[in-house]
Amino acid sequence: MAINAEKLGMILKNFASATSDVEGAAIVTPDGLPLATSLPSGMDDERVSAMSAAMLSLGERIGKELVRGVIDRIYVEGDQGLSILTSCGEDTVFLVLATKAAKQGLLMLEIKRTVGELRMVLS
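No gaps in the numbering here: position 3 of the sequence shown is 66 in the working numbering, and each next residue is one more.
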């Protein structure tokens, strides 16, 4: 079944514009290919996708070595904000970039809701 990149893009744009303190979002394959992005200007979609895939791969290895089971979410917090990778099925990952001021509970709730929408389009 073909992936509807336009529909994925609309979901990402709606998520990024409607969710407070979200700076960008992307749907990425485990190989590092961008399926759809809504990233800040100046960010290279392909570079962000490749780094997301590398982060996912490393997170999975850490989860396996530390006997943590299947990794559902990888969370990186820096002094400029948050990067959150969430599983969106076997073949896709949802990347969210948020400001440091983001209310994490609300953000996680919105991520969960959006992942549900994305899974419907991806299935």
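Backbone N, C-alpha and C define an ideal beta-carbon position, used for all residues, glycine too. Since the structure is predicted, the reported quantities are computational estimates derived from the model, not experimental observations.
Short of 6 Å in beta carbon distance, which residues of its chain neighbour residue i, apart from the five on each side in sequence? Order them along the chain.
| i | result |
| --- | --- |
| Leu243 | Residue numbering for the chain in the displayed model covers 64 to 186; residue 243 lies beyond these limits and cannot be assessed. |
| Gly201 | Here the chain has residues from 64 to 186 only, and residue 201 is not among them. |
Cα separation between residue i and residue j?
| i | j | result |
| --- | --- | --- |
| Asp154 | Ser186 | 10 Å |
| Leu58 | Ile66 | With the chain represented from 64 up to 186, any question about residue 58 goes unanswered, as that position is not in the structure. |
| Val111 | Leu119 | 12 Å |
| Asp135 | Thr149 | 6 Å |
| Met64 | Val184 | With a pLDDT of 47 at Met64, under the threshold of 50, the modelled position of that residue is not reliable, and the figure given next carries that caveat. Taking the straight line joining both Cα atoms gives about 11 Å. |
| Glu180 | Asn77 | 11 Å |
| Ser83 | Ala165 | 7 Å |
For a quick check, are the C-beta atoms of residue i and residue j less than 8 Å apart?
| i | j | result |
| --- | --- | --- |
| Asp94 | Ala116 | yes |
| Thr177 | Glu86 | no |
| Val91 | Leu170 | no |
Leaving aside the five residues before and after residue i along the sequence, list all residues of the same chain whose C-beta is less than 8 Å from its C-beta, in chain order.
| i | result |
| --- | --- |
| Arg182 | Cys151, Gly152 |
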